[in-house]
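Participant: Once you've had a glance at the structure underneath, I'll fire off some questions.
Protein chains: 2
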Amino acid sequence: MTDEQLASAARGPYPKGIARRQEILDRAIEVFARRGSKRTSLRAIAEEVGVTHAALKHYFGSLDELLVEVYRASESGGARPRHPEGATPVEVMRDAATRNREVPGLVQLYSTLVASALEEEHPAAREFATERFARQRETLAERVRRNQAAGRIRPDVDPVAVAALAIAASDGLQTQWLLDPDAPQEAALALLDELLAPPADPS
Amino acid sequence: MTDEQLASAARGPYPKGIARRQEILDRAIEVFARRGSKRTSLRAIAEEVGVTHAALKHYFGSLDELLVEVYRASESGGARPRHPEGATPVEVMRDAATRNREVPGLVQLYSTLVASALEEEHPAAREFATERFARQRETLAERVRRNQAAGRIRPDVDPVAVAALAIAASDGLQTQWLLDPDAPQEAALALLDELLAPPADPS
DNA sequence: GTCTATACGTCGATAGAC
DNA sequence: GTCTATCGACGTATAGAC
Numbered sequence: 016m017t018d019e020q021l022a023s024a025a026r027g028p029y030p031k032g033i034a035r036r037q038e039i040l041d042r043a044i045e046v047f048a049r050r051g052s053k054r055t056s057l058r059a060i061a062e063e064v065g066v067t068h069a070a071l072k073h074y075f076g077s078l079d080e081l082l083v084e085v086y087r088a089s090e091s092g093g094a095r096p097r098h099p100e101g102a103t104p105v106e107v108m109r110d111a112a113t114r115n116r117e118v119p120g121l122v123q124l125y126s127t128l129v130a131s132a133l134e135e136e137h138p139a140a141r142e143f144a145t146e147r148f149a150r151q152r153e154t155l156a157e158r159v160r161r162n163q164a165a166g167r168i169r170p171d172v173d174p175v176a177v178a179a180l181a182i183a184a185s186d187g188l189q190t191q192w193l194l195d196p197d198a199p200q201e202a203a204l205a206l207l208d209e210l211l212a213p214p215a216d217p218s
Numbered sequence: 016m017t018d019e020q021l022a023s024a025a026r027g028p029y030p031k032g033i034a035r036r037q038e039i040l041d042r043a044i045e046v047f048a049r050r051g052s053k054r055t056s057l058r059a060i061a062e063e064v065g066v067t068h069a070a071l072k073h074y075f076g077s078l079d080e081l082l083v084e085v086y087r088a089s090e091s092g093g094a095r096p097r098h099p100e101g102a103t104p105v106e107v108m109r110d111a112a113t114r115n116r117e118v119p120g121l122v123q124l125y126s127t128l129v130a131s132a133l134e135e136e137h138p139a140a141r142e143f144a145t146e147r148f149a150r151q152r153e154t155l156a157e158r159v160r161r162n163q164a165a166g167r168i169r170p171d172v173d174p175v176a177v178a179a180l181a182i183a184a185s186d187g188l189q190t191q192w193l194l195d196p197d198a199p200q201e202a203a204l205a206l207l208d209e210l211l212a213p214p215a216d217p218s
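Protein chains in written order, with the numbering used here: chain R, 16 to 218; chain L, 16 to 218.
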């Protein structure tokens, strides 16, 4: 089976199909953003988008795959802040968290995807989450190294451990904050940032 | 409506009913422990427990409530390590994480409950998660204060922020580790512990 | 290729018999 | 207190219209 045939089976490689798929995805994203955390079934999305649920299946293969695509698009859709080279990993996560707060239901969607990823019968969600965590750890670890070289993060900490910690903290604090807006999300992230800074040097 | 009537509607207040409920719950816990992260529907659980799904509903009200009860019991069921008064909050979370690893499916169950808690139509899960986070933050913050008084944690950090951070880190690192056993769970928690320790004092 | 119509099996929930 | 019967909704699968 060629790559083209594979792609065809899953989503249609031809201009018309690709465009249609994107069109449906755009509508779906809009529906999610408007709905907030409300219930989302394949059939409900299909109805709001204006097609049958079988059409969604045709383009996306499964509900999980559609949800992954919607999350990917929603996440990268907002205003991208372009962090300066030297921004702290925690600062990056904090900006992401702030942006997430603007999009209703996005954190819920993420949480659902991660929970599904932990169960065997959701391969699409699992692949998404595993890949995303791995890539995030890599990217952030590299940023830690840059910060260490610039003297902005203590040199005696393992970059990968810092990355994993920052991701975990960001994810966990967002859900705590969503359940209880009094939970100290910003304060806790700021705290982590300070803890990672090198000991004060009264040069 | 009296408390007794309320309890009756939900779970049966009379000795026989209570005993039966506990009996069913015990079987359900055993089923979960044996099954690992496998699929869990009200009907599947009922079949393995040896009753109909209607009976489960009678005693637990909803699938969510049953899952919450199973998680509560599984979590507190294992060997309780009784931490020394002076144990660090991170040490406490690390022990909990280690224990969780021994019970297949427990972290998945927790993750499912938290994800459900973020959606409006799961009040039982939401109440469970909100309460649990709040209580955990309180308990851990108190522990932070004790550690600060004893000079084991730097005095200049906010106890509640530390507690929220430790919980988030523990939760997030467990899911990262589950998706990728190479993810630095222990290392990241150890790192957080070190960061919270007071600056070395060469007395 | 794109999409609809239709059907299958399972789900959580509910009503009423016993 | 526990069952059977039934409900509407779900994700998925497939045949075939165009």
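Note that CB positions come from ideal geometry on N, CA and C, so glycine has one too.
With A139/R and S77/R assumed to form a contact (beta carbons below 8 Å), what rounded beta-carbon distance in angstroms separates them?
Facilitator: Yes, A139/R and S77/R are in contact; Cβ-Cβ is about 6 Å, under 8 Å.
Participant: Run through DSSP, which three-state label would S77/L get?
Facilitator: Coil at S77/L, not helix or strand.
Participant: Mapping the DSSP letters down to three states, classify Y86/R as helix, strand or coil.
Facilitator: Residue state, collapsed to three classes: helix.
Participant: Pull up the CB-CB distance for A144/R and L194/L, whole angstroms please, since I reckon it's below 8 Å.
Facilitator: Correct: roughly 6 Å between the Cβ atoms.
Participant: Answer yes or no: do A184/L and A184/R have a C-beta to C-beta separation smaller than 9 Å?
Facilitator: Closer than 9 Å, so yes.
Participant: Give the straight-line distance between the Cα atoms of R152/R and R160/L, rounded to the nearest whole angstrom.
Facilitator: So the two alpha carbons sit approximately 32 Å from each other.
Participant: Determine the burial state of S131/R: buried for a count of at least 16 other Cβ atoms within 10 Å of its Cβ, exposed for fewer.
Facilitator: Flag for S131/R reads buried.
Participant: So, with DSSP's three-state summary, where would you put L133/L?
Facilitator: In the structure shown, L133/L sits in coil (DSSP, three-state: anything other than H, G, I, E or B).
Participant: Return helix, strand or coil for Y29/R, following the three-state DSSP convention.
Facilitator: Three-state result, Y29/R: coil.
Participant: Pick out whichever of R150/L, P174/L, W192/L has its Cα sitting closest to the Cα of R2/R.
Facilitator: Since the first residue of chain R shown is 16 and the last is 218, residue 2/R is not available in this structure.
Participant: Whole angstroms is fine: what's the gap from R97/R's alpha carbon to R147/R's?
Facilitator: Their backbone Cα atoms lie some 19 Å apart in a straight line.
Participant: Closest to A102/R by CA distance: which of R54/R, K53/R, Y125/R, G166/R is it?
Facilitator: Of the candidates R54/R, K53/R, Y125/R, G166/R, the one whose C-alpha sits nearest the C-alpha of A102/R is G166/R.
Participant: Please classify G187/L: is it buried, with 16 or more other beta-carbons within 10 angstroms of its beta-carbon, or exposed?
Facilitator: Flag for G187/L reads buried.
Participant: Any residues in the segment 126-155 of chain R with a beta carbon nearer than 9 Å to a beta carbon of chain L? Which ones, in chain order?
Facilitator: Within the segment 126-155 of chain R, the residues whose Cβ lies closer than 9 Å to some Cβ of chain L are S126, T127, L128, V129, A130, S131, A132, L133, E134, E135, E136, R141, A144, T145, F148, A149, R152, listed in chain order.
Participant: Within the continuous alpha helix (DSSP H) that includes A181/L, where are the two ends?
Facilitator: Start and end: 174-194.
Participant: So which residues of chain L does P214/R contact, with C-beta pairs closer than 8 Å?
Facilitator: Within 8 Å Cβ-Cβ: P214.
Participant: Does the beta carbon of A112/L sit closer than 9 Å to a beta carbon anywhere in chain R?
Facilitator: Output row for A112/L: interface = no.
Participant: Check whether the Cβ atoms of L211/L and V177/L lie closer than 9 Å to each other.
Facilitator: Result yes, Cβ atoms of L211/L and V177/L sit closer than 9 Å.
Participant: If you compare alpha carbons, which of S56/R, P119/R, Q189/R, L133/R is closest to A48/R?
Facilitator: Ranking the options by Cα distance to A48/R, first place goes to P119/R.
Participant: What whole-angstrom Cβ distance do V107/R and R158/R have, given they're in contact under 8 Å?
Facilitator: So it is a contact: roughly 7 Å between Cβ atoms.
Participant: DSSP state of I168/L, grouped into three classes?
Facilitator: If DSSP states are grouped into helix, strand and coil, I168/L belongs with coil.
Participant: In its own chain, which residues sit with a C-beta less than 6 Å from the C-beta of I182/R, not counting the 5 before and 5 after it?
Facilitator: Here the set comprises Q151.
Participant: Which value, in whole angstroms, describes the spacing of the CA atoms of T127/L and T127/R?
Facilitator: C-alpha separation (whole angstroms): 8 Å.
Participant: State yes or no: is the beta carbon of L210/R nearer than 9 Å to at least one beta carbon in chain L?
Facilitator: Cβ-Cβ to chain L under 9 Å: yes for L210/R.
Participant: By the criterion of Cβ-Cβ separation under 8 Å, what are the contact partners of D173/L in chain R?
Facilitator: Ordered by position in chain R, the residues that pass the 8 Å Cβ test against D173/L are P199, A202, L206.
Participant: Provide the residue span of the alpha helix (DSSP H) that contains E100/R, from first to last.
Facilitator: Segment: none, E100/R is in no alpha helix (DSSP H) and carries neither H nor E.
Participant: Is the Cβ of G187/L closer than 9 Å to any Cβ of chain R?
Facilitator: Chain R contact via Cβ: present.
Participant: Looking only at its own chain, which residues have a Cβ that is under 8 Å from the Cβ of E180/R, when we skip the five neighbours before and after it?
Facilitator: The sequence given here places Leu at residue 180/R; Glu does not occur at that position. So the qualifying residues of the chain are L207.
Participant: Could you check what DSSP says for K53/R in three-state terms: helix, strand or coil?
Facilitator: K53/R: coil per DSSP, three-state reduction.
Participant: Considering only their Cβ atoms, is the gap separating H73/L from R58/L smaller than 9 Å?
Facilitator: Not in contact: R58/L and H73/L (Cβ atoms no closer than 9 Å).
Participant: Which residues in chain L have a C-beta closer than 8 Å to the C-beta of S52/R? List them in chain order.
Facilitator: By Cβ distance, chain L contributes L133, E134, E135.
Participant: Taking buried to mean at least 16 other C-beta atoms within 10 Å of its own C-beta, is D171/R buried or exposed?
Facilitator: Exposed, by the Cβ-count rule.
Participant: How about D41/R: is its C-beta nearer than 9 Å to some C-beta of chain L?
Facilitator: For D41/R, the answer is no, since every Cβ of chain L falls outside 9 Å of its Cβ.
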